[in-house]
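Enquirer:
Protein chains in written order, with the numbering used here: chain A, 128 to 268; chain B, 334 to 541.
1. Measuring alpha carbon to alpha carbon, tell me which residue in B/399, B/352 and B/438 is nearest residue 182 of chain A.
2. Determine the direct distance from the alpha carbon of residue 209 of chain A to that of residue 439 of chain B, and round the result to whole angstroms.
3. Taking all protein chains shown into account, do 16 or more other C-beta atoms lie within 10 angstroms of the C-beta of residue 414 of chain B, making it buried, or fewer, making it exposed?
4. Taking only three categories from DSSP, how would you classify residue 229 of chain A?
5. Would you say residue 526 of chain B lies against chain A (beta-carbon separation less than 8 Å)?
6. For residue 445 of chain B, is the classification buried or exposed, using 16 other Cβ atoms within 10 angstroms of its Cβ as the cut-off for buried?
7. Nearest to residue 363 of chain B by CA position, among B/339, B/443, B/349 and B/387, is which residue?
8. Around the C-beta of residue 139 of chain A, are 16 or more other C-beta atoms found within 10 angstroms, so that it is buried, or is it exposed?
9. Below 8 Å between beta carbons: does that hold for residue 491 of chain B and residue 166 of chain A?
10. In chain A, which residues lie with their C-beta within 7 Å of the C-beta of residue 497 of chain B?
11. Could you tell me the distance, in whole angstroms, from the CA atom of residue 511 of chain B to the CA atom of residue 161 of chain A?
12. Of all Cβ atoms in chain A, is any one closer than 8 Å to the Cβ of residue 362 of chain B?
13. Can you find the residues in the same chain that come closer than 6 Å, C-beta to C-beta, to residue 155 of chain A, ignoring five residues on each side of it along the sequence?
14. Between the Cα of residue 366 of chain B and those of B/530, B/500 and B/433, spot the shortest distance and give me the residue it belongs to.
15. Need the endpoints of the alpha helix (DSSP H) that residue 467 of chain B sits in, please.
16. Confirm, please, whether the CB-CB distance from residue 252 of chain A to residue 374 of chain B is below 8 Å.
17. Does residue 383 of chain B come out as helix, strand or coil in the three-state DSSP assignment?
18. With a cut-off of 8 Å on the beta carbons, I'd call residue 158 of chain A and residue 220 of chain A a contact; round off their distance for me.
19. List, in order along the chain, the chain B residues whose C-beta lies closer than 9 Å to that of residue 136 of chain A?
20. Any chance you could list the alpha helix (DSSP H) runs of at least 4 consecutive residues sitting entirely within the stretch 455 to 539 of chain B, in chain order?
21. For residue 471 of chain B, count the other beta carbons within 10 Å of its own beta carbon; 16 or more makes it buried, fewer makes it exposed. Which is it?
22. Suppose you measure from the CA of residue 520 of chain B to the CA of residue 344 of chain B; what does that come to, to the nearest Å?
23. Between which residues of its own chain and residue 518 of chain B is the CB-CB distance below 6 Å, once the five residues before and five after are set aside?
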């Protein structure tokens with residue numbers, strides 16, 4: 128563990144801790160709640176997500192000089208990747224962050240999701256390097 | 334977990350606040366799939382950081398060699414332009430471009446587990462469960478082992494899909510949409526619609 132990165136370790140840990148608390152309290156780790164959001168039976172979580180995005184949008188727009196816009200590239204994988212992610216999210220009830228929140232609540236089946244995500248990320252790296260080779264933008268760096 | 338969830342407006346304030354706080358303290362947009370990529374591909378990331386550190390340590394030497402190469406190629410015409418800070422800007426990594434070690438990304442992911450565990454301990458206790466939910470087991474055909482297989486398949490799709498799309502619900506959803514990035518808005522609509530269609534299909538199967 129390099130000393131020069133201690134601040135990074137602390138800040139990333141703090142942000143992870145806060146994110147775990149927030150996602151658990153909003154209910155994103157609850158499969159039933161998530162399913163009800165996706166079939167439009169309950170709008171609470173959807174409004175939490177949309178409201179959070181809107182709040183951040185207002186702040187980023189108000190202080191646009193402090194928060195320069197990051198480029199997000201539209202590449203051939205954006206739509207098919209999003210479709211695959213959406214299907215996967217509905218099947219396992221977890222996105223890349225929620226799986227840790229589910230494990231924190233003692234949901235052991237999430238270990239399978241964790242393993243699946245690990246395999247998916249690792250496979251994509253190899254397939255991308257061999258076949259796709261497109262620029263996936265800032266989020267993947 | 335037997336806890337009452339936050340009302341939507343508290344959730345919105347918390348999620349929005351988290352997105353803003355991440356941008357302020359970390360200096361880059363929130364994106365969990367990026368942390369996954371950094372952790373899973375930690376060897377490549379470590380090599381990149383080593384290269385970046387070497388470049389930073391030898392910034393002056395690198396600047397001199399670039400200057401020498403530029404002068405050799407373009408002669409005196411280039412000399413006037415060498416007094417600006419272009420090379421310096423390229424060599425000095427800013428906060429957003431500064432490489433972050435994979436270990437920090439691993440801490441980010443693991444501390445989500447810790448945060449959730451704390452909440453579970455404080456509200457309703459922590460219980461080990463073999464079933465994600467009764468509804469999930471029911472939608473997986475009523476057998477637990479099948480539900481676990483579904484989770485594995487879903488996990489692979491989430492891992493592969495988020496890397497292919499260049500972001501997930503936090504990177505494209507919270508961060509990208511809040512920055513009005515057209516790509517992120519498209520991705521968010523697509524993954525929400527896809528998840529809804531799949532969930533509606535599951536719901537229909539259960540009610541058949």
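We put the beta carbon where it would ideally sit given N, CA and C, even for glycine.
Expert: Considering the structure as presented:
1. Locating residue 182 of chain A in the first chain gives position 55, where the first residue counts as 1. Of the candidates B/399, B/352 and B/438, the one whose C-alpha sits nearest the C-alpha of residue 182 of chain A is B/352.
2. Residue mapping note: residue 439 of chain B aligns to position 106 of the second chain, counting from 1. Residue mapping note: residue 209 of chain A aligns to position 82 of the first chain, counting from 1. Each residue's alpha carbon lies about 24 Å from the other.
3. Within the second chain, residue 414 of chain B is the residue found at index 81, counting from 1. Its pLDDT being 47, under 50, residue 414 of chain B is placed unreliably in this model, and the value from its coordinates should be taken loosely. Its Cβ having fewer than 16 others within 10 Å, residue 414 of chain B is exposed.
4. Here the question's residue 229 of chain A lines up with position 102 in the first chain. Helix, per DSSP.
5. The count along the second chain starts at 1 and reaches residue 526 of chain B at position 193. Output row for residue 526 of chain B: interface = yes.
6. Within the second chain, residue 445 of chain B is the residue found at index 112, counting from 1. Buried is the call here.
7. As a first step, residue 363 of chain B is located in the second chain; it is residue number 30 there, counting from the start. Nearest Cα to residue 363 of chain B within the set B/339, B/443, B/349 and B/387: B/349.
8. What you label residue 139 of chain A is simply residue 12 of the first chain in a count that begins at 1. Flag for residue 139 of chain A reads buried.
9. The residue labelled residue 491 of chain B in the question sits at position 158 within the second chain. The residue labelled residue 166 of chain A in the question sits at position 39 within the first chain. A distance of 8 Å or more separates the beta carbons of residue 491 of chain B and residue 166 of chain A.
10. For the purposes of this step, residue 497 of chain B is identified with residue 164 of the second chain, where counting begins at 1. The contact set of residue 497 of chain B on chain A, defined by CB atoms closer than 7 Å, consists of 204, 207, 208, 211 and 251 in chain order.
11. Residue 511 of chain B sits at position 178 when you count from the first residue of the second chain. Residue 161 of chain A sits at position 34 when you count from the first residue of the first chain. Roughly 22 Å separates the two Cα atoms.
12. For the purposes of this step, residue 362 of chain B is identified with residue 29 of the second chain, where counting begins at 1. Cβ-Cβ to chain A under 8 Å: yes for residue 362 of chain B.
13. For the purposes of this step, residue 155 of chain A is taken as residue 28 along the first chain, with counting starting at 1. Contacts found: 225.
14. By 1-based counting over the second chain, the position of residue 366 of chain B is 33. Checking every option, the nearest Cα to that of residue 366 of chain B belongs to B/500.
15. Here residue 467 of chain B refers to the residue found at position 134 when the second chain is read from its first residue. It spans 467 to 472 - the alpha helix (DSSP H) in which residue 467 of chain B sits, taken as one unbroken run.
16. Along the second chain, read from residue 1 onward, the residue named residue 374 of chain B stands at position 41. Along the first chain, read from residue 1 onward, the residue named residue 252 of chain A stands at position 125. Yes, Cβ-Cβ distance for residue 374 of chain B and residue 252 of chain A is below 8 Å.
17. On the second chain, position 50 is the one that residue 383 of chain B refers to. The DSSP-derived three-state label of residue 383 of chain B is helix.
18. As a first step, residue 158 of chain A is located in the first chain; it is residue number 31 there, counting from the start. As a first step, residue 220 of chain A is located in the first chain; it is residue number 93 there, counting from the start. The C-beta distance from residue 158 of chain A to residue 220 of chain A rounds to 4 Å, short enough to meet the 8 Å contact threshold.
19. Here residue 136 of chain A corresponds to residue number 9 of the first chain, with the count starting at 1. Near residue 136 of chain A (Cβ distances below 9 Å), the residues of chain B are 434, 436, 437 and 440.
20. Counting only runs that start and end inside the stretch 455 to 539 of chain B, the alpha helix (DSSP H) elements of at least 4 residues fall at 467 to 472 and 477 to 498.
21. Within the second chain, the letter at position 138 stands for residue 471 of chain B. So residue 471 of chain B ends up on the exposed side.
22. Translated into positions along the second chain, residue 520 of chain B becomes position 187. Translated into positions along the second chain, residue 344 of chain B becomes position 11. Annotation: residue 520 of chain B to residue 344 of chain B spans about 22 Å, alpha carbon to alpha carbon.
23. Residue numbering aside, residue 518 of chain B sits at position 185 when the second chain is read from its first letter. In its chain, beyond the 5 residues on either side, 510 have a beta carbon closer than 6 Å to the beta carbon of residue 518 of chain B.
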